[in-house]
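S.K.: My structure is below; once you've seen it, I'll send some questions.
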Amino acid sequence: EAQVTQNPRYLITVTGKKLTVTCSQNMNHEYMSWYRQDPGLGLRQIYYSMNVEVTDKGDVPEGYKVSRKEKRNFPLILESPSPNQTSLYFCASRAGGNTEAFFGQGTRLTVV
Amino acid sequence: QKEVEQDPGPLSVPEGAIVSLNCTYSNSAFQYFMWYRQYSRKGPELLMYTYSSGNKEDGRFTAQVDKSSKYISLFIRDSQPSDSATYLCAMSSRSGSARQLTFGSGTQLTVLP
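Sequences listed follow chains A and B, in order. Residue numbering for the first sequence follows my numbering, beginning at 2 and increasing consecutively. Residue numbering for the second sequence follows my numbering, beginning at 32 and increasing consecutively.
Listed below in structure tokens is the structure:
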């Protein structure tokens with residue numbers, strides 16, 4: 002089954018404690034992205050990747066890091082989480098520039 | 032001003048009603064238009080995909096694009112309780128980079144039985 006898998010689904014952490022949210026896709030897609038979804042603000046892109054070792058900033062990259070060492074994986078790293086990073090996070094993958102985006106199930110992160 | 036504006040709702044309608052969901056945009060480079068449906072506690076899923084102006088129909092759903100007015104719509108006929116979800120419009124330009132998929136803020140729809 003074609004899918005994007007994120008882990009964990011739910012995470013509560015404390016300010017400053019480094020964390021990683023994993024994302025894996027099994028569709029051999031070139032493009033992968035991370036979004037955060039906040040009430041009234043919709044989906045905002047954090048980082049995106051057009052291929053292995055090729056990543057770039059989206060609209061809200063501050064406080065986040067990503068890596069793309071393998072085509073299927075695109076982890077999101079919060080080196081020092083802060084409460085304003087409390088949000089619902091989605092990973093997505095696409096085959097190409099104007100193709101459908103497939104989303105993971107989401108990770109609800111709470112930073113206290 | 033946001034590139035894509037979408038009425039956030041919430042919108043509540045009785046079962047069987049015709050629903051109209053709308054987005055406006057300011058970037059004339061947008062050429063590809065999509066509607067995603069997001070159920071509670073789930074990721075968005077593609078519902079409709081259209082290119083340029085005109086209408087596209089798929090069952091009870093019709094996507095309409097008016098590029099001259101920079102306005103897109105999604106119509107749902109004979110709405111069902113299972114249509115209750117948040118609907119997000121999304122757009123991309125012809126250049127189609129990984130970055131260029133811009134979303135509206137979403138409209139929350141509830142269809143009452």
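Heads up, the beta-carbon is just placed ideally off N, CA and C, and yes, glycines get one too. Computed from a prediction, not measured in an experiment: that's the story for all the values here.
Between the Cα of S3 (chain A) and the Cα atoms of A:G64, A:F103 and A:E54, which residue gives the shortest distance?
M.R.: According to the sequence as given, residue 3 (chain A) is Ala; it is not Ser. Among A:G64, A:F103 and A:E54, the Cα nearest to that of A3 (chain A) is on A:F103.
S.K.: Taking the alpha carbon of P40 (chain A) as the reference point, which residue from B:S110, B:D38, B:Q95 and B:T93 has its own alpha carbon closest?
M.R.: B:D38
S.K.: Are there 16 or more other CB atoms within 10 angstroms of the CB of A60 (chain B), so buried, or fewer, so exposed?
M.R.: exposed
S.K.: Can a CB atom of chain B be found closer than 9 angstroms to the CB of N99 (chain A)?
M.R.: Chain B contact via Cβ: present.
S.K.: Short of 9 angstroms Cβ to Cβ, which residues in the region 62-80 of chain B face chain A?
M.R.: Q62, Y63, M65, Y67, Q69, R72, K73, G74, P75, E76, L77 and Y80
S.K.: Specify the secondary structure class of S113 (chain B) as computed by DSSP and reduced to three states.
M.R.: helix
S.K.: Would you kindly work out how many angstroms separate the C-alpha atoms of N99 (chain A) and P82 (chain A), rounded to a whole number?
M.R.: 33 angstroms
S.K.: Since K101 (chain B) contacts S57 (chain B) with CB under 8 angstroms, what's their CB separation in whole angstroms?
M.R.: 7 angstroms
S.K.: If we require 3 or more residues per run, which beta strand (DSSP E) segments fall completely within the region 38-122 of chain B?
M.R.: 42-45, 50-56, 61-69, 76-82, 85-89, 92-97 and 102-107
S.K.: Which one or two residues does DSSP pair with S94 (chain A) in a beta bridge?
M.R.: DSSP lists A:M33 and A:F103 as partners of S94 (chain A).
S.K.: In terms of alpha-carbon separation, which member of B:L119, B:C54, B:V50 and B:V35 lies closest to E76 (chain B)?
M.R.: Of the candidates B:L119, B:C54, B:V50 and B:V35, the one whose C-alpha sits nearest the C-alpha of E76 (chain B) is B:L119.
S.K.: At what residues does the beta strand (DSSP E) containing G135 (chain B) begin and finish?
M.R.: Counting along the chain, G135 (chain B) falls outside any beta strand (DSSP E), and DSSP gives it neither H nor E.
S.K.: From the DSSP output, in three-state form, read off N27 (chain A) for me.
M.R.: coil
S.K.: Go to T6 (chain A), then tell me how far its beta strand (DSSP E) extends in each direction, as first and last residue.
M.R.: V5 to N8 is the extent of the beta strand (DSSP E) around T6 (chain A).
S.K.: May I ask which residues mark the beginning and end of the beta strand (DSSP E) holding V55 (chain A)?
M.R.: V55 to K58
S.K.: What residues in the region 57-87 of chain A bring their beta carbon closer than 8 angstroms to a beta carbon of chain B?
M.R.: D57 and G59
S.K.: Between Q38 (chain A) and L89 (chain A), is the Cβ-Cβ spacing less than 9 angstroms?
M.R.: The answer is yes: Cβ separation under 9 angstroms.
S.K.: With DSSP collapsed to three states, give me the class of Q86 (chain A).
M.R.: helix
S.K.: Pull up the DSSP beta-bridge partners for Q46 (chain A), would you.
M.R.: A:Y36
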